[in-house]
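Protein sequence lines, in the order shown, are assigned to chains R and G. In terms of our numbering, the first sequence is residues 1 to 113. In terms of our numbering, the second sequence is residues 114 to 222. Built from N, CA and C at the ideal position, the CB exists for glycine as well.
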Amino acid sequence: EAQVTQNPRYLITVTGKKLTVTCSQNMNHEYMSWYRQDPGLGLRQIYYSMNVEVTDKGDVPEGYKVSRKEKRNFPLILESPSPNQTSLYFCASSSGGGKNEQYFGPGTRLTVT
Amino acid sequence: GQSLEQPSEVTAVEGAIVQINCTYQTSGFYGLSWYQQHDGGAPTFLSYNALDGLEETGRFSSFLSRSDSYGYLLLQELQMKDSASYFCAVRGHFNKFYFGSGTKLNVKP
Numbered sequence: 001e002a003q004v005t006q007n008p009r010y011l012i013t014v015t016g017k018k019l020t021v022t023c024s025q026n027m028n029h030e031y032m033s034w035y036r037q038d039p040g041l042g043l044r045q046i047y048y049s050m051n052v053e054v055t056d057k058g059d060v061p062e063g064y065k066v067s068r069k070e071k072r073n074f075p076l077i078l079e080s081p082s083p084n085q086t087s088l089y090f091c092a093s094s095s096g097g098g099k100n101e102q103y104f105g106p107g108t109r110l111t112v113t
Numbered sequence: 114g115q116s117l118e119q120p121s122e123v124t125a126v127e128g129a130i131v132q133i134n135c136t137y138q139t140s141g142f143y144g145l146s147w148y149q150q151h152d153g154g155a156p157t158f159l160s161y162n163a164l165d166g167l168e169e170t171g172r173f174s175s176f177l178s179r180s181d182s183y184g185y186l187l188l189q190e191l192q193m194k195d196s197a198s199y200f201c202a203v204r205g206h207f208n209k210f211y212f213g214s215g216t217k218l219n220v221k222p
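This is the structure:
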């Protein structure tokens, strides 16, 4: 089954404690992206990757890091989480082809206290 | 800056037709997409327009006018399961994506 998986699905942590949210896709997609979703703000792109070792900043990259060492994986790293990073996070992948269709993971709800 | 404007909420009755509008102002334009998101779920792709005109996919249609920086999603024969949030999204320069803040559609019996 074609899918995007994220782990963990729920995470409560404290300010400053480094964390990683994993994302994996099994569709051999070149394009992967991270979004955060906050009430009234829709989805905002954090980082995206066009292919292995190619990443770039989205609209809200501050406080986040990413890496793309393998085509299927695109982890999101919060080196020193702060309460304003409490949000719902989605990973997405796309073939990058004509329809720009993105497949989203199930989401990770992060709470930073 | 980048902006996509869509109504925050729309209510309609089962069986009716509803139109959700989206106006955009972005750096570059490489297509307008629509996504559906049910409460607690992930966004799922509905439709895409790169060129002006209407695209039809079953009960859903999407329209684009690039000269007006405007598009809409048309949902026909509304069903209760269509109650969800709908987002328009634009792919801009450098493969960045911009999403609207979403329209919550309430379908009433």
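Please classify residue 2 of chain R: is it buried, with 16 or more other beta-carbons within 10 angstroms of its beta-carbon, or exposed? Residue 2 of chain R counts as exposed, since fewer than 16 other beta carbons sit within 10 angstroms of its beta carbon.
In the segment 73-95 of chain R, which residues sit with their C-beta less than 7 Å from some C-beta in chain G, listed in chain order? Residues 90.
I'd like to know if the segment 16-29 of chain R and the segment 76-83 of chain R are in contact, where contact means that at least 3 CB-CB pairs between them fall below 8 Å. They touch, by the three-pair rule.
When you compare the CB positions of residue 82 of chain R and residue 16 of chain R, do they come within less than 9 Å of one another, or not? Contact: yes.
Please report how far the alpha carbon of residue 213 of chain G lies from the alpha carbon of residue 95 of chain R, in whole angstroms. Near 22 Å, if we compare the C-alpha coordinates of residue 95 of chain R and residue 213 of chain G.
Rounded to a whole number of angstroms, what is the C-alpha to C-alpha distance between residue 137 of chain G and residue 186 of chain G? Just so you know, the alpha carbons of residue 137 of chain G and residue 186 of chain G end up roughly 14 Å apart.
At a CB-CB cut-off below 9 Å, which residues of chain G make contact with residue 101 of chain R? What residue 101 of chain R touches in chain G: 146, 158 and 161.
With residue 181 of chain G as the anchor, note down where its beta strand (DSSP E) starts and where it stops. No beta strand (DSSP E) holds residue 181 of chain G; DSSP gives it neither H nor E.
Using a C-beta to C-beta distance shorter than 7 Å, which residues of chain G count as neighbours of residue 110 of chain R? Near residue 110 of chain R there are no residues of chain G at all, since even the closest Cβ is about 15 Å away, more than 7 Å.
Helix, strand or coil, according to DSSP, for residue 193 of chain G in the structure here? Reduced to three states, the DSSP call for residue 193 of chain G is helix.
DSSP three-state call for residue 207 of chain G: helix, strand or coil? Shown here, residue 207 of chain G sits in a helix according to DSSP, grouped into three states.
Within the same chain, show all residues whose beta-carbon is closer than 8 Å to that of residue 157 of chain G, passing over the 5 residues directly before and after it, in chain order. Counting only Cβ-Cβ distances below 8 Å, and skipping sequence neighbours, we find 148, 149 and 150.
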